[in-house]
Every structure is written in structure tokens, then in C-alpha cells.
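Just so you know, we're using the working numbering here: the sequence shown kicks off at 991 and counts up by one. Backbone N, C-alpha and C define an ideal beta-carbon position, used for all residues, glycine too.
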Amino acid sequence: MKKSNFVAMILGTIGGILFALGMCMTLIPEWNASRPGVVMAVIGAVVLLVMVLVWRKMENKALIKVSGKTIGAVLIGIIGALGLGIGMCMTMVWSMMIPGIIVGIIGIVALLCLIPVVKGLK
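So, in C-alpha cells, the structure goes:
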């Protein structure tokens, strides 16, 4: 395993755990930890962003160019992930089975749309 991949794996794991735990703290009302959850989720997101920058630097790759296509792909990814997450919350937490499944499928379709947007069709 290359050192860059190992560093990315460690930082990705730490950032993902912090982000996931922060989201749980924010969204589970029984924990009563909404504000600390937001802080922890933001710290996790920052660690994940740093992971991308460190990995690209270690691989001698150029920084990501900000273009309309990049911004669009990020927005589609955010909307798809939120749709999938909201659909899961609707089915598991709020007991809204059929609407939750529909929202989750819409989120999955949005995430699948990322493939042709990023890689293109040949």
C-alpha cells in the first residue's frame, strides 16, 4: 500500500466517524446534543476536505479546478446524499415507509446521475 493511500484511509476514517457521529448527535432528539453534533459534523467535514487536499498533494496531482461542471457535480452529490439520508430517516425514524422509500429512490437516482456527469457517456 502506498503511503498516500494509507494517509487518505486514516484521515478518511477519522473524518467519516466524526461526521457520522456529529450527524447522529444532531438528528437523534433523545441524545439532546444538537449544537455539539453540528460542531462535530463540521470538524469531520473539514478533516475529510483536508484528506482530499493531502492525498492530491502526496500523489503530485493538481488542485481541483473549480468550474461549472465541478460545482454541478458537487450539488448533485449533495442533493442525492441528502435525499437518500432523508428517505432512510423517513422509513426508520419517522415511520413513513412508502414516502421514505420514494424519497430514498430519488436520492439513489440522483447519485447514479453523477456517473455520466463526471465520467461522461461513450
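Using three-state DSSP, classify residue i as helix, strand or coil.
i     : result
L1111 : coil
C1103 : coil
E1020 : helix
V1056 : coil
K993  : helix
M1086 : coil
K1051 : coil
If distances are taken between C-alpha atoms only, which option among the options comes closest to residue i?
i     : options                       : result
N995  : I1004, V1037, E1049 and G1094 : E1049
G1034 : C1014, S1057 and M1080        : C1014
P1106 : G1075, I1095, V1042 and T1060 : T1060
M1110 : I1091, A1063, P1089 and V1083 : A small correction: the amino acid at residue 1110 is Gly; Met does not occupy that position in the sequence shown. Nearest C-alpha to G1110: A1063.
K993  : I1088, R1046, N1022 and I1054 : R1046
P1019 : W1084, G1090, V1108 and P1089 : W1084
Indicate whether residue i and residue j have their beta-carbon atoms separated by less than 8 Å.
i     : j     : result
G1002 : G1012 : no
L1008 : I1066 : no
M1082 : V1093 : no
V1037 : G1005 : yes
V997  : V1044 : yes
In or out: residue i buried (at least 16 other Cβ within 10 Å) or exposed?
i     : result
A1031 : buried
L1039 : exposed
L1074 : buried
G1077 : buried
G1058 : exposed
So does residue i have its beta carbon nearer than 7 Å to some heavy atom of the ligand FAD?
i     : result
I1069 : As for the ligand FAD, it is missing from this structure, which has no ligand bound.
query = With a cut-off of 8 Å, do at least 3 Cβ pairs link the region 1084-1104 to the region 1066-1075?
reply = Segments in contact, yes.
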